[in-house]
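Engineer: Once you've had a glance at the structure underneath, I'll fire off some questions.
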Amino acid sequence: MARSASVRRRLRPLVGFLTVLVVLLIAWEAIKFIGGDTWHIENVLGTGVTIDHDPPLKFAFATDVKLPHVWAIAGEFGAQDAVGDTTVTRLLRAALFTLRNAAIGFALGSTIGMLLAILLVHVRILERAILPLVVASQTIPIIAIAPLIVIGLKADWFGVAIVSTYLTFFPVTIAALRGLRAFDPRAMELMRSYAASRWAILRKLRLPASRPYLFTGFRIAAPAAVVGSIVGELPSLIQDGLARQIITGMQYYSLNAEYLWATIAVSSLLGIGVYLLVAGVENWVLRHERRPEAALA
Amino acid sequence: MTNETTQARPVVDIAGVSKVFDARGQRATRVEALVGIDLSIAAGEFVSLIGPSGCGKSTLLRLIGDLTPPTSGTITVNGKPAERARRDRDYGMVFQAPVLFDWRTVQGNVELPLEISGTSKAQRAERAKEHLRLVELSDFAGHYPWQLSGGMQQRVAIARALAVDPALLLMDEPFGALDEMTRERMNLELLKIWERTETTIVFVTHSIAEAVFLSTRVVVMSPRPGRISSIIDIDLPRERNVETRELEQYFHLVTAVREALRGDERSAGSTDGDDDDLAERRVAAEGLSG
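Residue numbers (the numbering used here), protein chains in the order written: chain L, 71 to 367; chain R, 98 to 387.
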């Protein structure tokens, strides 16, 4: 009982996400039903029924070119190119490449962010000197700085990971700065009574107490790492990632809008996927600190 | 730690200590928390500090523990300056709140001070188990703090403080947040622990009953400025139990402490501790009639 309840609690973000997704898809088709192009569907789900529907209104944004039917986009995943690859395998391969760079960027960015926060927490004067620079670094458009990093480093995929790092370290730094100060002040007195060193205080009090805050930073950083990775691929014309597929989709938009939508779907699913992964890890790491309301105190 | 040399000299020696709080030289916020404190505590004593809020009893405890420095005067613990004693981990501290780490099990919490003092893993586990047995929580070693009641959490905090075998145990209203029933049971348990460990205890409380029942000496303090107004020897038999609270001598001592506190009230106009007073009178009435 207790076990299945805790599994259910851990799956809750996923269930919520799927519900929202279904609602969005229904809303999408509802708009098309009210103000899209004429529907003409033969043999619905193999039942032999043919649907013809002329929406009463005409929304300029809801034409079949700008807002294709959900099933048309889904069908695009199965479409084959000249080499015989289906769209879904091509996009998944690209997503995997982007994910790898994003993961490296996330790992580097999180490490740098945490080390920076640990340094700033211990050396007050540095916090005042460095924090404005850290904030300023994030006001420069990533699209402007990505070519500098990727082309400047001449290291293709690693340059991409660095762009990802650049977007990742900031939320982690800010969250860790707050988290490392979020301990119970009485716990600090206790550590003082033990004559604990700074190192011991960091390891046994500051870091464990900072975890809920850190994970908030990680939740923001993970999808940002994916975005950073895609943006990083653009200037160097790296062929293997999602950026190449998005550009292809844009070029053929008026001929095959479904392809761009398919790439958008894969990109956002990747972002949501890494977010849910971080949320899942958080639930597991903090499992003992969760206080289920039903538990006896 | 309780060998012949420490028996000979006091565990705590406070001489001419004062403590002034002023927020960065602002005259208006200057508070004389303590003035002219002299107190000597021998090894094996159980000394309670009692007084209305604002009398500086907690501040005095924090001074002994070197959690805050005195403005003037000297504090010697185990024959060394208080700071040295803290660095040598000569004392254990228990606060009003248990202050347990949520992310550690009960045993992990008890092991915390041992980890910091660099005790080996095997020894840590052994000592933690031993002290959890002392506070009768052996069965809860693997539990997390939030799974325990308030009284049990405070017993974990006591086990944690005792884990390093300190010569001195500093307790700041450790049972203040507990209900009366739990508090009385904790008092008995604390006396048992005190007997078995032979440690010296300095205990801050605002309950007269608790102070008299537990202590060998009660230090009565008064506020504005915080000072020691009288020290009352509690010459009850050392062996104390439920019946101790019904001894005639116990009532005399409770009255003596109350009158010492009352004397302060008259001069300072404070009425803190009224609830205890009422409860005390009721208990006394019942005891005499029964």
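For each residue, glycine too, the CB sits at the ideal point set by N, CA and C. In this text, all values refer to a predicted model and were calculated from it rather than measured experimentally.
Only counting runs of 4 or more residues, tell me where the alpha helix (DSSP H) segments fall wholly within the stretch 184-216 of chain R, in order along the chain.
Structural biologist: Taking only runs of at least 4 residues, the alpha helix (DSSP H) segments lying wholly in the stretch 184-216 of chain R are 203-213.
Engineer: DSSP state of residue 222(L), grouped into three classes?
Structural biologist: What you label residue 222(L) is simply residue 152 of the first sequence in a count that begins at 1. Three-state result, residue 222(L): helix.
Engineer: Tell me whether the stretch 322-336 of chain L and the stretch 291-308 of chain L touch, counting them as touching only if at least three CB pairs, one residue from each stretch, are closer than 8 angstroms.
Structural biologist: Too few Cβ pairs lie closer than 8 angstroms, so no.
Engineer: Locate the beta strand (DSSP E) running through residue 308(L), then write down its first and last residues.
Structural biologist: The residue you call residue 308(L) lines up with position 238 of the first sequence. Looking at the DSSP string, residue 308(L) is not in any beta strand (DSSP E), and its letter there is neither H nor E.
Engineer: Express the C-alpha separation of residue 349(L) and residue 82(L) in angstroms, rounding to a whole number.
Structural biologist: As a position in the first sequence, residue 82(L) is number 12, starting the count at 1. As a position in the first sequence, residue 349(L) is number 279, starting the count at 1. For residue 82(L) and residue 349(L), the distance between alpha carbons rounds to 11 angstroms.
Engineer: So, for residue 235(L): in the same chain, excluding its five sequence neighbours on each side, which residues have a beta-carbon less than 6 angstroms away from its beta-carbon?
Structural biologist: In the first sequence, counting from the first residue as 1, residue 235(L) sits at position 165. Only 175, 178 and 179 meet the Cβ criterion.
Engineer: Just checking: is the beta-carbon of residue 255(R) within a distance shorter than 8 angstroms of some beta-carbon in chain L?
Structural biologist: Here residue 255(R) is taken as the residue at index 158 of the second sequence, counted from 1. Closer than 8 angstroms: no.
Engineer: Name, please, each residue of chain L whose Cβ falls closer than 8 angstroms to the Cβ of residue 164(R).
Structural biologist: Within the second sequence, residue 164(R) is the residue found at index 67, counting from 1. Here the neighbours are 259, 262 and 263.
Engineer: Look at the Cβ atom of residue 111(R), then the Cβ atom of residue 135(R), and state whether they are nearer than 8 angstroms.
Structural biologist: By one-based count along the second sequence, residue 111(R) stands at place 14. By one-based count along the second sequence, residue 135(R) stands at place 38. Yes, Cβ-Cβ distance for residue 111(R) and residue 135(R) is below 8 angstroms.
Engineer: For residue 366(R), which residues in the same chain have their Cβ closer than 8 angstroms to its Cβ, ignoring the five residues on either side in sequence?
Structural biologist: Here residue 366(R) corresponds to residue number 269 of the second sequence, with the count starting at 1. Because the pLDDT at residue 366(R) is just 44, under 50, the model does not fix this residue reliably, and the value given afterwards should be weighed accordingly. Counting only Cβ-Cβ distances below 8 angstroms, and skipping sequence neighbours, we find nothing.
Engineer: Using the C-alpha atoms, what's the distance from residue 214(R) back to residue 346(R)?
Structural biologist: Here residue 346(R) is taken as the residue at index 249 of the second sequence, counted from 1. Here residue 214(R) is taken as the residue at index 117 of the second sequence, counted from 1. Approximately 44 angstroms between the Cα atoms of the pair.
Engineer: Can you find the residues in the same chain that come closer than 7 angstroms, C-beta to C-beta, to residue 251(L), ignoring five residues on each side of it along the sequence?
Structural biologist: Here residue 251(L) is taken as the residue at index 181 of the first sequence, counted from 1. Result list for residue 251(L): 191, in chain order.
Engineer: For the beta strand (DSSP E) that contains residue 324(R), what are its first and last residues?
Structural biologist: Locating residue 324(R) in the second sequence gives position 227, where the first residue counts as 1. Counting along the chain, the beta strand (DSSP E) containing residue 324(R) begins and ends at 324-330.
Engineer: By a C-beta neighbour count over all protein chains shown, 10 Å radius and 16 as the cutoff for buried, is residue 190(R) buried or exposed?
Structural biologist: The count along the second sequence starts at 1 and reaches residue 190(R) at position 93. The residue in question, residue 190(R), is buried, as its Cβ has 16 or more Cβ neighbours within 10 Å.
Engineer: Between which two residues does the beta strand (DSSP E) carrying residue 129(R) extend?
Structural biologist: Reading the second sequence from its first residue, position 32 is the one you call residue 129(R). Start and end: 128-138.
Engineer: Hey, quick one: how far does the beta strand (DSSP E) through residue 314(R) stretch, first residue to last?
Structural biologist: For the purposes of this step, residue 314(R) is taken as residue 217 along the second sequence, with counting starting at 1. Start and end: 314-319.
Engineer: Flag this pair as touching only if the stretch 273-289 of chain L and the stretch 230-249 of chain L have three or more C-beta atom pairs under 8 angstroms; answer yes or no.
Structural biologist: The stretch 273-289 of chain L is in contact with the stretch 230-249 of chain L.
Engineer: Apply the 10 Å Cβ neighbour rule to residue 261(L) and answer buried if 16 or more other Cβ atoms are within range, or exposed otherwise.
Structural biologist: Residue mapping note: residue 261(L) aligns to position 191 of the first sequence, counting from 1. Classification for residue 261(L): buried.
Engineer: Which word fits residue 157(L), buried or exposed, when buried means at least 16 other C-beta atoms lie within 10 angstroms of its C-beta?
Structural biologist: For the purposes of this step, residue 157(L) is taken as the residue at position 87 of the first sequence. By the neighbour-count rule (16 or more Cβ atoms within 10 Å), residue 157(L) is buried.
Engineer: Since residue 165(R) contacts residue 117(R) with CB under 8 angstroms, what's their CB separation in whole angstroms?
Structural biologist: The sequence position of residue 165(R) within the second sequence is 68, counting from 1. The sequence position of residue 117(R) within the second sequence is 20, counting from 1. Not quite, the Cβ-Cβ distance comes to about 11 angstroms (not below 8 angstroms), so this is no contact.
Engineer: Measuring only the C-alpha atoms, how far is residue 79(L) from residue 92(L)?
Structural biologist: Locating residue 79(L) in the first sequence gives position 9, where the first residue counts as 1. Locating residue 92(L) in the first sequence gives position 22, where the first residue counts as 1. Going by the C-alpha atoms only, they are around 21 angstroms apart.
Engineer: From residue 269(R) to residue 181(L), what distance separates their C-alpha atoms?
Structural biologist: One-based indexing of the second sequence puts residue 269(R) at position 172. One-based indexing of the first sequence puts residue 181(L) at position 111. Taking the straight line from one Cα to the other gives about 40 angstroms.
Engineer: Give the straight-line distance between the Cα atoms of residue 201(R) and residue 337(L), rounded to the nearest whole angstrom.
Structural biologist: For the purposes of this step, residue 201(R) is taken as residue 104 along the second sequence, with counting starting at 1. For the purposes of this step, residue 337(L) is taken as residue 267 along the first sequence, with counting starting at 1. Spanning the two alpha carbons is a distance of roughly 39 angstroms.
Engineer: Is there a Cβ from chain R that is less than 8 angstroms from the Cβ of residue 248(L)?
Structural biologist: Translated into positions along the first sequence, residue 248(L) becomes position 178. No, because no Cβ of chain R sits closer than 8 angstroms to the Cβ of residue 248(L).
Engineer: When the cut-off is 8 angstroms and only beta carbons count, does residue 249(R) lie next to chain L?
Structural biologist: By one-based count along the second sequence, residue 249(R) stands at place 152. Chain L contact via Cβ: absent.
Engineer: Does any residue of chain L bring its CB to less than 8 angstroms from the CB of residue 320(R)?
Structural biologist: By one-based count along the second sequence, residue 320(R) stands at place 223. No, its Cβ sits nowhere closer than 8 angstroms to a Cβ of chain L.
Engineer: On the premise that residue 342(R) lies in contact with residue 132(R), defined as a C-beta separation below 8 angstroms, what is that separation, rounded to the nearest angstrom?
Structural biologist: Indexing the second sequence from 1 puts residue 132(R) at position 35. Indexing the second sequence from 1 puts residue 342(R) at position 245. Not quite, the Cβ-Cβ distance comes to about 35 angstroms (not below 8 angstroms), so this is no contact.
Engineer: Taking DSSP as the reference, what is the three-state secondary structure of residue 208(L)?
Structural biologist: Reading the first sequence from its first residue, position 138 is the one you call residue 208(L). Residue state, collapsed to three classes: coil.
Engineer: Any beta carbon from chain R within less than 8 angstroms of residue 75(L)'s own beta carbon?
Structural biologist: Position 5 of the first sequence, counted from the first residue, corresponds to residue 75(L). Output row for residue 75(L): interface = no.
Engineer: Determine the burial state of residue 313(R): buried for a count of at least 16 other Cβ atoms within 10 Å of its Cβ, exposed for fewer.
Structural biologist: The residue given as residue 313(R) occupies position 216 in the second sequence. Residue 313(R) should be labelled buried.
Engineer: At a Cβ threshold of 8 angstroms, is residue 144(R) touching chain L?
Structural biologist: Position 47 of the second sequence, counted from the start, is the residue given in the question as residue 144(R). Cβ-Cβ to chain L under 8 angstroms: no for residue 144(R).
Engineer: Do you know how far the Cα of residue 357(L) is from the Cα of residue 346(L)?
Structural biologist: For the purposes of this step, residue 346(L) is taken as residue 276 along the first sequence, with counting starting at 1. For the purposes of this step, residue 357(L) is taken as residue 287 along the first sequence, with counting starting at 1. When rounded, the distance between both Cα atoms is 16 angstroms.
Engineer: Would you mind telling me which residues of chain L sit closer than 9 angstroms to residue 196(R), beta carbon to beta carbon, in chain order?
Structural biologist: Along the second sequence, one-based indexing puts residue 196(R) at 99. Simply 254, 256, 257, 259 and 260.
Engineer: Would you identify the three-state DSSP class for residue 119(R), choosing helix, strand or coil?
Structural biologist: As a first step, residue 119(R) is located in the second sequence; it is residue number 22 there, counting from the start. Coil, per DSSP.
Engineer: Between residue 326(R) and residue 306(R), how many whole angstroms is the CB-CB distance? I'm expecting something under 8 angstroms.
Structural biologist: Taking the first residue of the second sequence as position 1, residue 326(R) is located at position 229. Taking the first residue of the second sequence as position 1, residue 306(R) is located at position 209. Between residue 306(R) and residue 326(R) the Cβ distance is about 19 angstroms, and since that is not below 8 angstroms, they are no contact.
Engineer: Of the residues 293(R), 301(R) and 176(R), which one's Cα is nearest the Cα of residue 156(R)?
Structural biologist: In the second sequence, counting from the first residue as 1, residue 156(R) sits at position 59. Minimum Cα distance to residue 156(R) is reached at 301(R).
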